[in-house]
Amino acid sequence: MPLKELLPGKLGYGTAPLGNMFRAIPEIEALATVEAAWQQGVRYYDTAPFYGAGLAEERLGEVLSAKPRDEYVLSTKVGRVILDELEEGVRELGEKGGLFEHGNPNKMLHVWTAEATERSIEDSLERLRTDRLDIVWVHDIAQDFHGDQWLAKFEEARTGAFRVLSRLRDEGVIGAWGLGVNKTEPIELTLSLDEPRPDGFLLAGRYTLLDHEHALQRLLPMAQQQGVGMVVGGPYSSGILAGGTHFEYQQAPAYIIERVTRLKALAAKHGVSIKAAALQFSLAHPVTAAVVAGATKPSRIAEDQAALNEAVPAAFWQELRAADLVSPAAPLPYGA
């Protein structure tokens, strides 16, 4: 099913922070944030076993299990199997080392075979306290986690996870599947295959105000031609566009801080919030079906909804283009 038909609205809640990303979030705060998302009308929730070694799924499931299942859309990911065995020493996560050091201490297997995919789905259903998944993303088969070995991981997924998820979709067990990655190349490679065919993809951090030119070169034209939709993850570029200090899950470098300063100055000139600019930019591309923004405090959800609905003048987008702060190829709201 096309993502735009499957997803209920333009804004989803991304649960990576619920896995204690960057900091240990009190349980009461995490659960209150999910509840706030529900009360604010959010009906699409994205999660993954990777987020805190199952912690995010557990927390999300605790809240959503009390909600009518037919009233929300749920996506999770495959590629990590959480074991009962505890991790010893520092967890190896490629470029993302230390990202979930405050999550569950369980050991994770990084595997994309058919057997592991089926086990991952079964385990996620249990943690999420639900009987079905609407979308399943194949998680992190990319350079940021595997370096030069990423193509081998991709092939493991192509012959394993891809085929399992295609079968489950064709049987009506899941509504859609695709890739959930932080790099464009795995998606480009998938779209070039004759089979199996994904329904869409979740691209994190690669179609934001701060980083979008590479995606526009090849990936998004391919996706548009094939009618494949995109969920934009990380629209705030790990937080730097929402008042935080992180970019690409690390402390933001000087050149990014300088660019954000210019963006904020232009937004202030036009009376526009930087969050509104970020969300509405990511949604302006015709391939985009929704954005998923993470939050760890209930108040942030209302801010995201307000940013989504904020009236942003066409003059802002025009000046953004004139200042060379967005790619000439990037579609902008109002055709600016």
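Residue numbers (numbering that gives the first Met the number 0): 0 to 335.
Ideal Cβ placement from N, Cα and C applies to all residues, glycine included.
Predicted model only: the values in this text are computed from it and were never measured.
Item, Value
"Cut-off 7 Å between Cβ atoms - residues of its own chain near T189, not counting five sequence neighbours on either side", "L178 and P197"
"Within 9 Å, strictly: CB atoms of A266 and V230", "no"
"Beta-carbon gap between A301 and A65 smaller than 9 Å", "no"
"Host beta strand (DSSP E) of R79 (start-end)", "R79 to L85"
"Continuous alpha helix (DSSP H) stretch holding N308: start and end", "P297 to N308"
"Sequence-distant residues of the same chain with beta carbon closer than 6 Å to V259, five excluded per side", "I239"
"Neighbour-count burial assignment, N103, 16 or more Cβ in a 10 Å radius", "buried"
"Coarse secondary structure for Y333, derived from DSSP in three states", "helix"
"Cβ neighbours of F153 in the same chain (closer than 7 Å, five flanking residues each side left out)", "I140, P185 and L188"
"The alpha helix (DSSP H) enclosing V163, as first and last residue numbers", "A160 to D169"
"Local Cβ density within 10 Å of Y254, reported as buried at 16 or more and exposed below that", "exposed"
"For T75 and T46, believed in contact at Cβ under 8 Å, the rounded distance", "5 Å"
"Closest by C-alpha distance to A292, when choosing among A23, A203 and F21", "A203"
"Element boundaries [beta strand (DSSP E), containing T287]", "T287 to G293"
"Three-state class that DSSP yields for W249 in the structure shown", "Before going on, a small fix: residue 249 reads as Gln here, not Trp. In the structure shown, Q249 sits in a strand (DSSP, three-state: E or B)."
"Anticipated Cβ contact below 8 Å, V137 with L219, distance rounded", "Not a contact, Cβ separation roughly 19 Å."
"Within 9 Å, strictly: CB atoms of D283 and A329", "The sequence shown places Ala at residue 283, rather than the Asp named in the question. Yes, the pair counts as a contact, with Cβ atoms nearer than the cut-off."
"Spatial neighbours of T112 in its chain, beta-carbon cut-off 7 Å, leaving aside the 5 residues before and after", "E155 and G159"
"Selected residue, minimal CA-CA separation from R320, among V62, L208, G78 and G270", "L208"
"Cβ distance (whole Å) where L164 is taken to contact W149 below 8 Å", "Rounded, the Cβ-Cβ distance is 19 Å, inconsistent with contact."
"Beta-carbon spacing of I134, L167 below 9 Å", "no"
"Opposing strand residues paired with K76 [DSSP bridges]", "W136"
"Member of P25, A29 and G40 whose CA lies at the smallest distance from the CA of A305", "G40"
"Which of helix, strand or coil DSSP assigns to W176", "strand"
"Residue burial classification, E57 (beta-carbon count within 10 angstroms, cutoff 16)", "buried"
"Boundaries (first-last residue) of the beta strand (DSSP E) holding M107", "N105 to H109"
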